[in-house]
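Read in the UniProt record's numbering, the sequence shown has 136 at position 136, and its numbers run on one by one without any break.
Each residue gets a CB set at the ideal place from its N, CA and C atoms; glycine is no exception.
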Amino acid sequence: MSSSIPVFPPLKNDLLLRAARGEKTERAPVWVMRQAGRYLPEFRKVRELHEFFEVCRTPALATEITLQPIQRYSGLIDASIIFSDILVIPQALGMEVLMNPGPYFPEPLVTPEDVSKLRTVVDVEKELGYVFRAITQTRMELNGEVPLIGFCGAPWTLFAYMIEGGGSKTLQKAKTWLFKYPEESKALLRRIAVVCVDFLVGQVKAGAQLLQVFDSWAGELSPYDFEQFSYPTLKYISTNVRQRLAEEGLPSVPMTLFAKGANHALGFLAENAGYDVLGIDWVIDPAKARAMVGDKVALQGNMDPNLLYGGKHAIEEAVKRMSESFRAGEGGWIANLGHGITPGVDPEDLKWFFECVHKYSAIGGLA
Ligand code: CP3
């Protein structure tokens, strides 16, 4: 099967893509997870009029919101990420998901029999075509200013939401499934992974220039259980997305894995998981992470998002330390937070974070 992507305006800033391919760039490209979010007054204004998933499903609104941080921080920010949510995959599988204000599933999966309520075959064009249309429109309107990132949730993190029915401190219900019904759990994890592959390939077809897989709850698993339950699906996704992109004549975009908290696995993931970039949280020192991964992958991260509440001096010192630690080794580095930005941050403090990254991540910038 062959397919072509629309013709988009030429890219003017390829720092992100070069760093993702492992190049030590003249300065680190920078963006932040949840950069189109509630800390921005212009975001809150749109959300006053439109419910969360309505925004996701309306390409014009998703485009408008995706572009908000790009416009506000023009010249300071090096990537856009499509406005959507990881929970659109459970919706595509047939589950109801509400956002009030955190995610809420009125009918979570309780026992393995409930899996029969899910769609066995998911037509991603039909169920998630609105994401593809938002990506195409955003990429057009970006006019080549920065690359556009597409994403999905990792099977383990999505599985956990589908069983817990929302956020959870212990993941007791999801873990009960893993340990009581390991085979049924693996089968469901694999079913989710199949949808992830179709969804990511569709995003590249629509115009995404880098793909990120969010395994936000990877760190809740022991190293053994991470390798048993999460890792095989992460590997399945990278292998099959790359194969499909090649078969369909689509661009071979870089892929990022953010397995939050699974720092124990960095060396193993760099060697085996098939991603170009590994995201790290703030619980590991960047130089230590680099020593674990060698020259196999680029790294992304990793300032504690709460440092954005610490004022300009604290932010500057943290960026300086982070830059020293990432720059101690060779290889690509994409500057980011170690997790998503939170609603109470002053947008001016985020601007300062970007400015500090420009200054201290530059080759020679620490001198
Ligand atoms: O990064 C971006 O700017 C792109 C958009 C994006 C959102 N969610 C928008 C969003 C992305 C990449 C996500 C990913 C996502 N969603 C993850 C993985 C990353 C992570 O944070 O671990 C997870 C676990 C979710 C599920 C989810 N969505 C939660 C737990 C919440 C509530 C948390 C909160 O911030 O209160 C959401 C809601 C959500 N997704 C918001 C945004 C901007 C805020 C909701 C709102 O606008 O009312």
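CA-CA distance, G144 to S80, rounds to 11 Å.
At a cut-off of 6 Å, the beta-carbon of S325 does not count as near the ligand CP3: no heavy atom of the ligand is closer than that. Counting the other CB atoms within 10 Å of its CB gives S222 a total below 16, which places it among the exposed residues. For the options T111, A262, W333 and M162, the alpha carbon positioned closest to that of R27 is the one of W333. For R18, same chain residues with a beta-carbon under 6 Å away, outside a window of 5 residues either side, are T25 in chain order. When the Cα atoms are used, L148 and V241 turn out to be separated by approximately 17 Å.
Beyond the five residues adjoining it in sequence on each side, L15 comes within less than 6 Å, by CB distance, of T25, P29 and D78 in the same chain, given in chain order. When rounded, the separation of the alpha-carbon atoms in R290 and E54 is 41 Å. For L98 against G150, the beta-carbon gap comes to about 24 Å, at or over 8 Å, which does not count as contact. Inclusion of A36 in the 6 Å shell around the ligand CP3 follows from its C-beta lying nearer than that to a non-hydrogen atom of the ligand. With a contact defined as Cβ atoms closer than 8 Å, L299 and V345 miss out at about 23 Å. Here T111 is exposed: its Cβ has fewer than 16 other Cβ atoms, across all protein chains shown, within 10 Å.
Rounded to whole angstroms, the Cβ separation of W156 and L189 is 7 Å, and the two are in contact under 8 Å.
Of the candidates A208, A273 and I65, the residue whose Cα lies closest to the Cα of T239 is A273. Your pair R327 and L366 checks out as a contact, with CB atoms roughly 7 Å apart and the cut at 8 Å.
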